[in-house]
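To start, the structure under review is shown below, and the notes come after it.
In this note's numbering, the protein residues as written are 1301 to 1521.
Printed below as a string of structure tokens:
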């Protein structure tokens, strides 16, 4: 019911904006349409951020281990429904993407590239500076196992890379400079050592790499 109500509110606001834009089209032509697009964006993004944060009582998720019959799980599921908004897919590959994730509750550092990641529990995720999240990678901080619901933090360190379609499960800690290769699945609770590359399904340690430092960069140049 709450989900339907939020969609109706957004639909009503959008229709009201475009109704006015079409009324002014004969006088202002493309300018009226441009203003309508700006107003729609200016309303849509803050509205869905408000809805998602309100679904958590303007707090943050906490790690849980409970059954699917517990009220705590039902609340979490309600959060999933209300957090499934179009803005989570906007601006992939642009500097605006980390800004939106930060407003949605992700603890995210500076100079992060996000080419189109999927985060199911955004307030349980920490992402360090200079991290790279490639298109289609999934950061899922929960699981449903034989009627049990479990969730935990995911910590992605400074300079880490998630390859396209990589999957990181709950409880994972990625050390600084570590890499999850393309289509690899990092199982729950894994701790990736700094400057390590993990590959496969389930992901296993593939090899270590030398970290790029200022001195090594000058030497290679």
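All C-beta atoms in this analysis are idealised placements derived from N, C-alpha and C, irrespective of residue type, glycine included.
Please read these numbers as outputs of a predicted model, since none were measured by experiment.
Item                                                                                                                  : Value
Cβ shell of residue 1385 (< 6 Å), same chain only, five flanking positions each side left out                         : 1348
For residue 1420 and residue 1441, believed in contact at Cβ under 8 Å, the rounded distance                          : 6 Å
Contact set for residue 1409: own chain, Cβ-Cβ below 8 Å, skip 5 residues either direction                            : 1427, 1428, 1429, 1430, 1431 and 1458
Three-pair Cβ contact test at 8 Å for the segment 1471-1482 versus the segment 1490-1497                              : yes
CB contact flag (residue 1475, residue 1494, <8 Å)                                                                    : yes
Distance CB(residue 1361)-CB(residue 1417) smaller than 8 Å                                                           : no
Pair within 8 Å by beta-carbon distance, residue 1478 and residue 1501                                                : no
Segment contact flag, the segment 1335-1342 with the segment 1366-1382, C-beta cutoff 8 Å, min 3 pairs                : no
Option nearest residue 1355 by Cα separation, candidates 1306, 1507, 1412 and 1433                                    : 1306
Pick from 1444, 1455, 1309 and 1434 that is closest to residue 1466, judged by C-alpha positions                      : 1434
Member of 1497, 1505 and 1504 whose CA lies at the smallest distance from the CA of residue 1511                      : 1497
Own chain partners of residue 1450 with C-beta closer than 6 Å, once the 5 adjacent residues on each side are dropped : 1365 and 1443
Assumed close pair residue 1454, residue 1425 - CB separation to whole angstroms, cut-off 8 Å                         : 5 Å
Neighbour-count burial assignment, residue 1398, 16 or more Cβ in a 10 Å radius                                       : buried
Cα-Cα separation, residue 1480 to residue 1301                                                                        : 39 Å
Cβ pair residue 1324, residue 1332 closer than 8 Å                                                                    : yes
DSSP state of residue 1404 mapped onto helix, strand, coil                                                            : coil
N-terminal and C-terminal residue of the alpha helix (DSSP H) that residue 1534 is part of                            : Residue 1534 lies beyond the stretch modelled for the chain, which goes from 1301 to 1521, so this question has no answer here.
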